[in-house]
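Each residue of the sequence shown is one higher than the one before, counting from 32 in this note's numbering.
Data block below; observations after.
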Amino acid sequence: MDADHAHATSRPVSVPLGATVTSAAGPAAQLGAIRSTGGPRPADPQRPGPQREPGAVRATGAPTDGGLQDRFGRVATDLRVSVVDKCNLRCTYCMPADGMPWLPQSQLMSTDEIRRIVRVAVQSLGAEELRLTGGEPLVRKDLEFIIAGIRADNPDLPISMTTNAVGLDRRAQALKDAGLTRVNVSLDTLHPETFAELTRRPHLDKVLAGLQAARAAGLGPIKINAVLLRGINDTEVVPLVDWAVSNGFEMRFIEDMPLDGDRSWSATNVIPARDIRAAIEQSFSLTADPRGRGAAPAERWEVRRHGETTLAGHVGIISSVTEPFCSACSRTRVTADGRIRSCLFSHEETDLLTALRDGADDEGLAQIWRDAMWTKPRAHGSDRVGLARPDFVQPERTMSAIGG
Ligand code: SAM
Ligand code: SF4
């Protein structure tokens, strides 16, 4: 369906979460000269390019104890673990319509392997928080067991999950009981037709049911992640903020990144952070969050309705493309097949799972991880370039295969 047509004919969904859905004109400023990237599709996106044999060549200068430091003085304490590469949606900015060549079961980390890797990260390397992601984490039937095992090892660890919430209505309470702390739910639109166009599945009602269950189970504070695409959902900035703050959720807008499976990312589709702020300010006033940003990817704002002094809620904007925050990055990632990625845009991975399966002890695994993180690139997968540079090269693995 043509995007403009979709907007012309669709009506805001009747949202069972106390929604106040209003309309607003979409921002239309151009991004500028960030070039579209892509390059050839890899033969096997799940087994991408350069990989480092664990322990084969020690990273020069890497520490041999302590946490996950890199050459630029950053320390990674924010662990993101992908538990599966499969997904039940096909968001256009993330996955091809036909899905991806999924990892075979034997290459996926098992319940116990995930538990062990998280334990090493927390207890030997100082990880302070964990985010489970994918693919879609809810695709894993053993997710409650994964979380319960991690919780048993790490009683005080904040454990969050990024999810599309399809099926969360049936599992929210069990996940909470297992030890999940909170969720980020991805939701880009409140219009059923736009949702179906954007995710290629007609499941908006399931997402809203999942959100309701997450709130009822106490999986908060709940953050809503939205990727804005020009001409598709960019008219929904104010309605989404309005709906989110009315329901006690924090709205987070994420700039579209060149990590899509179709390799069709284009700068002209990116709605830059400055336009998102301008769009919100049509109906709300924004004040920089006095708590500051720290190493968080989102720049956070307090939101008040025009003419009101009462705080309505908070909004975050993740501006990886136009206002990158790599110098403060504190993230370390593990893919669903147990490979360390020091950066979303890395061209190199380090195989932790094979070392684990070969019998490495905790300290051996920790040292592989220290070595991998020591060579974390300066920004956007490289020491030299950024997303805005003409020589930026899109990594072979895409968002769902890395774990966003
Ligand atoms: N399936 C889960 C979900 O959608 O929440 C978790 C995995 S998904 C890869 C994690 C986050 O990455 C989602 O919030 C999604 O919107 C975001 N994402 C996916 N592709 C993206 C892209 N090309 N640019 C920016 N964000 C993207
Ligand atoms: Fe699936 Fe999440 Fe990617 Fe959408 S963004 S296709 S829900 S992994």
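The beta carbon of each residue, even a glycine, is placed where N, CA and C say it ideally should be.
Quick one: is the Cβ of residue i within less than 7 Å of any heavy atom of the ligand SAM?
i, result
"M430", "yes"
"C357", "no"
"D129", "no"
"C118", "yes"
"C360", "no"
"N256", "yes"
When you compare the CB positions of residue i and residue j, do they come within less than 8 Å of one another, or not?
i, j, result
"I302", "V346", "no"
"V276", "V112", "no"
"L110", "R401", "no"
"I178", "G210", "yes"
"V216", "G241", "yes"
"M404", "D101", "yes"
"S358", "H337", "no"
"V6", "A367", "The question about residue 6 has no answer, for the chain in this structure spans 32 to 435."
"I399", "L383", "yes"
"T230", "E267", "no"
"R372", "I433", "yes"
"V214", "L250", "yes"
"L206", "L174", "yes"
"A257", "L218", "yes"
"N278", "T225", "no"
"M430", "L290", "yes"
"R150", "D184", "yes"
"E339", "A304", "no"
"T123", "F176", "no"
So what does DSSP say about residue i, is it helix, strand or coil?
i, result
"E427", "coil"
"K117", "coil"
"E160", "strand"
"G435", "coil"
"W332", "strand"
"E380", "strand"
"V437", "Nothing can be reported for residue 437, as the shown portion of the chain is limited to 32 through 435."
"L260", "strand"
"Q100", "strand"
"R213", "strand"
"D109", "strand"
"S358", "helix"
"S137", "helix"
"A453", "Any question about residue 453 goes unanswered here, given that the chain covers just 32 to 435."
"T193", "strand"
"T318", "strand"
"M404", "helix"
"A326", "coil"
"A298", "helix"
"C122", "coil"
"G292", "coil"
"P79", "Low confidence applies to P79: its pLDDT is 47, below 50, so where it sits in the model is not reliable enough to give any reading."
"G487", "The requested residue 487 does not occur in the structure, where the chain is confined to residues 32 to 435."
"Q398", "helix"
"E312", "coil"
"P270", "helix"
"D208", "helix"
"V352", "coil"
Hey, would you say the C-beta of residue i is under 7 Å away from at least one heavy atom of the ligand SF4?
i, result
"V121", "The sequence as given places Arg at residue 121; Val does not occur at that position. For the ligand SF4, at least one heavy atom lies less than 7 Å from the Cβ of R121."
"S297", "no"
"M288", "no"
"S191", "no"
"S217", "yes"
"E228", "no"
"G198", "no"
"M404", "no"
Bridge partners of residue i, per DSSP?
i, result
"H345", "E333"
"F226", "None; F226 has no bridge partner."
"I255", "V216 and M282"
"R364", "R111 and R372"
"A244", "According to DSSP, A244 bridges with nothing at all."
"G92", "G92 is not bridged to any residue."
"G165", "V115"
Can you find a C-beta in chain D that's less than 8 Å from the C-beta of residue i?
i, result
"I433", "In the structure shown, chain D cannot be found, because there is only a single protein chain."
*Should the region 144–163 be regarded as contacting the region 327–339, the criterion being three or more beta carbon pairs within less than 8 Å?*
no
_Inter-stretch contact at 8 Å, needing at least 3 Cβ pairs: the region 335–349 / the region 274–290_ = yes
*asked:* Counting beta carbon pairs with one atom in the region 227–235 and one in the region 245–255, are three or more of them shorter than 8 Å?
replied: no
*asked:* Quick test of the definition: if touching needs 3 or more C-beta pairs under 8 Å, does the region 422–435 touch the region 371–381?
replied: yes
*asked:* Does the contact criterion of 3 or more C-beta pairs under 8 Å hold for the region 115–124 versus the region 188–206?
replied: yes
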